[in-house]
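In the numbering used here, the protein residues as written are 94 to 1075.
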């Protein structure tokens, strides 16, 4: 099985274009005849040691580019350029690795840059990058005309690869761990080091006979590479690591992460909230496993240790109160007696005197008299073992529910368990045999019990012993062992995890329940992980974000295609804490990592709400009107003066209706949605808070539904026609608007090269100067370039260029002119295609209503928090309707209660109309009756012109309108039922 990659995802293209746009104005050498000029102005230059990248743009032009990109991407502009480092922020699971790998090819295609180094913080991420390059190689070669490239891991035993990196004229991608070269940033000269100290240095800075007496680092520096840092918050964390990266002599540094600590010159931002709202990752649900209070035994849990003001420990115990014992967290120090601290609870009378506390990171513990000993996160006298057993059972049950829901859809379901002790899953006996530890036994017991039930019987055609296994590092005897995640033994485990990635996605492979060590968490990133369960007996330092990050990526089916069905894309975390605690902890981590402030509504929050005039035009209400609405919400008790959302704002309450100022009633639903977006707890749902929708066969068989379906069921195909002269005219109008093309400029930076026994460095800048480049002597084939970019005929392109009146600017800066003209011609062509689109019915092709019944038989599960319960049962196919916004909820309510509406349907996700820019799924179909019966299809939208309704979505709706015109159905876009003439 091969994973397939979609090259047209807009958010990924935006991230790639942001990086490419940083160098806008940099010339590009296109032909062999221009190779000589590349030494002066192109993307490459020749040195004694090989070919190197060259950037000719001065900093002031780069800053102009940065400002333009930041404004387009809604990022606050930087006052000044923070060095030649540029940051891209992308949430885990949204394709960060794909984006930076594709950016390599795009930078090469646009500017001719060829030397790239990817710096990673760990073996796990390195193996992930290598696997990604292997999987995406064919995809990139298709996109970029089989551009030749070579990729390799830096290895001190294969220095020939370093020489090749410098000398090759092909794209070179070196992947290197920061550990491979950072310790060479010595605190003293090599001349002062002993023989033993010299032997400990990395090879990369040593003179080497196989490299003509040169140091390997000199070849890398000569290449002037573009350095890509994957997870910079884990790479350049110290002065030493920052200096080590500087010693690579990067042309620029591109930084990619979900959690930047220093987002230098941020050019693109896809934070977790936007990724979640755009449905680019799985929805998160929590199955909470909690115990009832057990006050019979002496309960103690070690929560934390601290040595900032004397050594002390934070423990949780049972303490007597007026209403009886309750769990209480307290600080204790050496000599404290828990019998006293618990207000003399009898269970603590003997053996709970604090004897010793160790706060050493990684080995924290507290010791009591009589030999009792607790490590961080451990407890005694509680129900920890019972809770873990219940978590295993819950995970197996959630897994089987998902298997049942996806049966026949070709989507493999995986569940991932993280444990901190291998012996809890697998035991190595003295006679050389292996047996299951307690967690392995619990899994087999739960699996056998649950698969014996009629609802799950025969669902998985494999024996229990075949469906689970573990990925652990091994000792010399081949036995699985506990590990830290960064040892040499872990490399083979990461290799295996990555190598098995595609195999695990095959539904015919039995393995479904996977166990791995918590320390290896970073290596796991399989898209079909639907359940995650962490079973640690000691405290886990990993954050919730790291835990859920292993399963956020959208799943794939058996053909390797991404699945975009929201009913499928749900990640269930089986937690040993309440759903509220989990959400609260995750929210805190988001706030700390991203600086996101939840539950706070700014005064300008409603500025982009739009109103539609009678002529159909839409205008934003603006910041002043937004401030009036905000003040009214404060006065009404929905917000406090700081903008924090108060408890009175409760849209989940069926009787709730937001009071808005007079004159803004038409915006009530949109205002509610905008405030609701700020409530974080809405984004994490309780896995048990859902139910199966009830299908009403009698409604499907009714005359109203049969006639409605008869009208909307025809399928269509489209063709595009337009006049060449129209295209030329539109392209000319756009080309006239292009800003004047400037000549390329050459910037020269003079640096002092320091060669010492410690190595070669080039980081002391002496002077800079900028001048216009020499006029281009050999012009590229502009028609060939434009034909490749637009797929139009040479005759049409020549006509556009001749009539543009701007051909003289082609000589000034060929690449800039060609890129700008290609972009505007493509946009003109795109607009004309959509205007000239025509739909026609396909004979004998219809949407089969039997699919609705089939869906109902398989079971349609929805969350209670997003369900509108239909009151008039004879009007709807199902007893409830799932809504995504307050606008949809109000529309469903109005359809339900309006007497003229006889029947309404939320169209299923498979009811899709083909368009040139992707499929379109309309919202509603309904029947009304007054003097006559009328049949409608309507798209509901908020008045908020949000990310989801950018130009592309509007164009899809326009195509949908043409489709329904062709089949004779009344279609429109509305914000409420009042806008429908019924």
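The C-beta atom is built at its ideal place from N, Cα and C for all residues, glycine as well.
{"Query": "By Cβ distance, which residues of its chain are closer than 8 Å to residue 654, with the 5 residues on each side in sequence left out?", "Result": "97"}
{"Query": "Check whether the Cβ atoms of residue 493 and residue 544 lie closer than 9 Å to each other.", "Result": "yes"}
{"Query": "Do residue 989 and residue 961 have their CB atoms nearer than 9 Å?", "Result": "yes"}
{"Query": "If you draw a straight line from the alpha carbon of residue 434 to that of residue 473, how long is it in whole angstroms?", "Result": "17 Å"}
{"Query": "Roughly how many angstroms separate the alpha carbons of residue 314 and residue 321, rounded to a whole number?", "Result": "15 Å"}
{"Query": "Helix, strand or coil, according to DSSP, for residue 627 in the structure here?", "Result": "strand"}
{"Query": "Three or more beta-carbon pairs under 8 Å between the segment 299–311 and the segment 249–268, yes or no?", "Result": "yes"}
{"Query": "For a test of the three-state rule: what should DSSP assign to residue 717, helix, strand or coil?", "Result": "helix"}
{"Query": "If you check the beta carbons only, do residue 325 and residue 305 fall under 9 Å apart?", "Result": "no"}
{"Query": "Could you tell me the distance, in whole angstroms, from the CA atom of residue 105 to the CA atom of residue 191?", "Result": "8 Å"}
{"Query": "Out of curiosity, what's the CA-to-CA distance linking residue 1115 and residue 168?", "Result": "There is no way to answer for residue 1115, as the model of the chain reaches only from 94 to 1075."}
{"Query": "Does DSSP put residue 357 in a helix, in a strand, or in coil?", "Result": "coil"}
{"Query": "Spatial neighbours of residue 1065 within its chain, please: C-beta separation below 7 Å, excluding the five flanking residues on both sides.", "Result": "1031"}
{"Query": "Which same chain residues, not among the five before or five after residue 303, have their C-beta less than 7 Å away from its C-beta?", "Result": "252"}
{"Query": "DSSP has residue 746 in a bridge; who is on the other side?", "Result": "Looking at the DSSP assignment, residue 746 forms no beta bridge with any residue, so it has no partner."}
{"Query": "How long is the line joining the alpha carbons of residue 182 and residue 658, rounded to whole angstroms?", "Result": "25 Å"}
{"Query": "With contact counted as at least three CB pairs below 8 Å, one residue from each stretch, are the segment 230–249 and the segment 158–165 in contact?", "Result": "no"}
{"Query": "Confirm, please, whether the CB-CB distance from residue 269 to residue 197 is below 9 Å.", "Result": "no"}
{"Query": "Label residue 939 either buried or exposed according to how many other C-beta atoms from any shown protein chain fall within 10 Å of its C-beta, with 16 as the threshold for buried.", "Result": "exposed"}
{"Query": "Here's a check: name, in chain order, each residue in its chain whose Cβ is nearer than 7 Å to the Cβ of residue 423, leaving out the five neighbours to either side.", "Result": "408, 410 and 434"}
{"Query": "Any idea what DSSP makes of residue 255, helix, strand or coil?", "Result": "helix"}
{"Query": "Would you tell me roughly how many angstroms separate the C-alpha atoms of residue 57 and residue 981, rounded to the nearest one?", "Result": "In the structure displayed, the chain extends from 94 to 1075; residue 57 sits before or after that span and is not available."}
{"Query": "Just to check my reading of the structure: residue 179 and residue 148 have Cβ atoms closer than 8 Å, yes? What is that Cβ distance to the nearest angstrom?", "Result": "Between residue 148 and residue 179 the Cβ distance is about 12 Å, and since that is not below 8 Å, they are no contact."}
{"Query": "Does the beta carbon of residue 170 fall short of 8 Å from some heavy atom of the ligand FMN?", "Result": "Absence of the ligand FMN from the depicted structure is noted, as is the absence of any ligand whatsoever, leaving it without description."}
{"Query": "Run the CB neighbour count on residue 697, radius 10 Å, all protein chains shown included, and call it buried at 16 or more, exposed below.", "Result": "exposed"}
{"Query": "So, for residue 1061: in the same chain, excluding its five sequence neighbours on each side, which residues have a beta-carbon less than 8 Å away from its beta-carbon?", "Result": "804"}
{"Query": "Can you tell which of 967, 786 and 1054 has its C-alpha closest to the C-alpha of residue 952?", "Result": "786"}
{"Query": "Buried or exposed: residue 610, going by 16 or more other Cβ atoms within 10 Å of its Cβ?", "Result": "buried"}
{"Query": "Any idea if residue 1057 is buried or exposed, counting beta-carbon neighbours within 10 angstroms, 16 or more meaning buried?", "Result": "buried"}
{"Query": "Do three or more CB pairs link the segment 915–934 to the segment 616–625 at distances below 8 Å?", "Result": "no"}
{"Query": "Counting only runs of 3+ residues fully inside the segment 305–369, write out the beta strand (DSSP E) ranges in chain order.", "Result": "319–323, 345–350 and 359–363"}
{"Query": "Looking only at its own chain, which residues have a Cβ that is under 7 Å from the Cβ of residue 362, when we skip the five neighbours before and after it?", "Result": "166, 168 and 182"}
{"Query": "Taking C-beta to C-beta, are residue 1029 and residue 1019 nearer than 9 Å?", "Result": "yes"}
{"Query": "Would you mind sorting residue 646 into buried or exposed? The rule is 16 or more other CB atoms within 10 Å of its CB.", "Result": "buried"}
{"Query": "What are the partner residues of residue 1076, as DSSP defines its beta bridges?", "Result": "In this structure the chain extends from 94 to 1075, so residue 1076 is not present and cannot be described."}
{"Query": "Hey, would you say residue 375 sits closer than 9 Å to residue 662, going by beta carbons?", "Result": "yes"}
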